[in-house]
Amino acid sequence: MAHPTQLGFQDAASPVMEELLHFHDHALMIVLLISTLVLYIITAMVSTKLTNKYILDSQEIEIVWTILPAVILVLIALPSLRILYLMDEINDPHLTIKAMGHQWYWSYEYTDYENLGFDSYMIPTQDLTPGQFRLLETDHRMVVPMESPVRVLVSAEDVLHSWAVPSLGVKMDAVPGRLNQTAFIASRPGLFYGQCSEICGANHSFMPIVVEAVPLEHFENWSSLMLEDA
Numbered sequence: 039m040a041h042p043t044q045l046g047f048q049d050a051a052s053p054v055m056e057e058l059l060h061f062h063d064h065a066l067m068i069v070l071l072i073s074t075l076v077l078y079i080i081t082a083m084v085s086t087k088l089t090n091k092y093i094l095d096s097q098e099i100e101i102v103w104t105i106l107p108a109v110i111l112v113l114i115a116l117p118s119l120r121i122l123y124l125m126d127e128i129n130d131p132h133l134t135i136k137a138m139g140h141q142w143y144w145s146y147e148y149t150d151y152e153n154l155g156f157d158s159y160m161i162p163t164q165d166l167t168p169g170q171f172r173l174l175e176t177d178h179r180m181v182v183p184m185e186s187p188v189r190v191l192v193s194a195e196d197v198l199h200s201w202a203v204p205s206l207g208v209k210m211d212a213v214p215g216r217l218n219q220t221a222f223i224a225s226r227p228g229l230f231y232g233q234c235s236e237i238c239g240a241n242h243s244f245m246p247i248v249v250e251a252v253p254l255e256h257f258e259n260w261s262s263l264m265l266e267d268a
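If you read the sequence shown in our numbering, its first letter stands for residue 39, the second for the next number, and so on.
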């Protein structure tokens, strides 16, 4: 999860998020090289007293500054399109969960089970126990098996919401009357925090998301207990 004074992204907890981090570093390096070159040219132009009034045009320079930007854009576009395809690709999910946004909480329905669903509300500050995070903890977590493809169907009951968990590399708009889908694979066990990422009213800041990734046998035990309590 995020921490104070953090400048970069959260630690990756899914293969897609790892790809996004690599792409960010790749694009940032290109930007750094371009910025260094431009700064050097500006410094050289300002500091030099030499002039050449006989050069009206330079075909070689024009060719370079036409082709080079196109090459740079290709170097950025190709990995970007690859990651975009990976984010949209959903092959044989082991679990499907429907996430429904409300003002101002989330409800989850495990569609592979006959009667497994619950609402997830933020725990008020006065009810938190030591070690819990303010504005991020929920009374019911979305539990998923780790190292298994999970598909999330996202929609909304009232207004626009957005289901986002940064460390898993997922963010999907929740639109009333429309069913969007995203997928992820939790590569390690743990708690992964997110929040509604679309302004949805007065309590927009108070509808957190908590995804708990556990080993498969623990998930089976949890689902059995939830079905018994239903």
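Even glycine gets a Cβ: it sits at the ideal position worked out from N, Cα and C.
The shortest C-alpha to C-alpha distance from residue 245 to any of 148, 197, 221 and 139 is the one to 139. Contact between the segment 99 to 112 and the segment 154 to 164 is not established, with fewer than three Cβ pairs separated by less than 8 Å.
Judged by DSSP secondary structure, residue 250 falls within the beta strand (DSSP E) whose first and last residues are 246 to 252.
If you draw a straight line from the Cα of residue 231 to the Cα of residue 39, it is about 6 Å long. For residue 120, the enclosing alpha helix (DSSP H) has its first and last residue at 97 to 126.
Within the same chain, and ignoring the five residues on either side of residue 171 in sequence, the residues whose Cβ sits closer than 8 Å to its Cβ are 39 and 231. In the DSSP assignment, residue 154 falls outside any alpha helix (DSSP H), carrying neither H nor E. Contact annotation, residue 220 with residue 192: C-beta distance approximately 7 Å; criterion of less than 8 Å satisfied. In the same chain as residue 216, and ignoring 5 residues on each side of it, the C-beta atoms closer than 7 Å to its own belong to 193, in chain order. The continuous alpha helix (DSSP H) containing residue 61 extends over residues 53 to 85.
Of all C-beta pairs linking the segment 165 to 180 to the segment 103 to 114, fewer than three are shorter than 8 Å, placing the two stretches out of contact.
Put simply, of 184, 125, 164 and 180 the residue whose alpha carbon is nearest the alpha carbon of residue 146 is 180.
When the Cα atoms are used, residue 42 and residue 48 turn out to be separated by approximately 12 Å. Residue 222 sits in a strand when the DSSP states are folded into three classes. Residue 164 and residue 250 have their C-alpha atoms some 23 Å from each other. Across the structure, residue 118 and residue 64 are spaced so that their CA atoms are roughly 10 Å apart. Of the candidates 258, 72 and 86, the residue whose Cα lies closest to the Cα of residue 106 is 72. Residue 55 counts as buried, since at least 16 other C-beta atoms from the protein chains shown sit within 10 angstroms of its C-beta.
Annotation for residue 189: the continuous beta strand (DSSP E) segment containing it runs 187 to 194.
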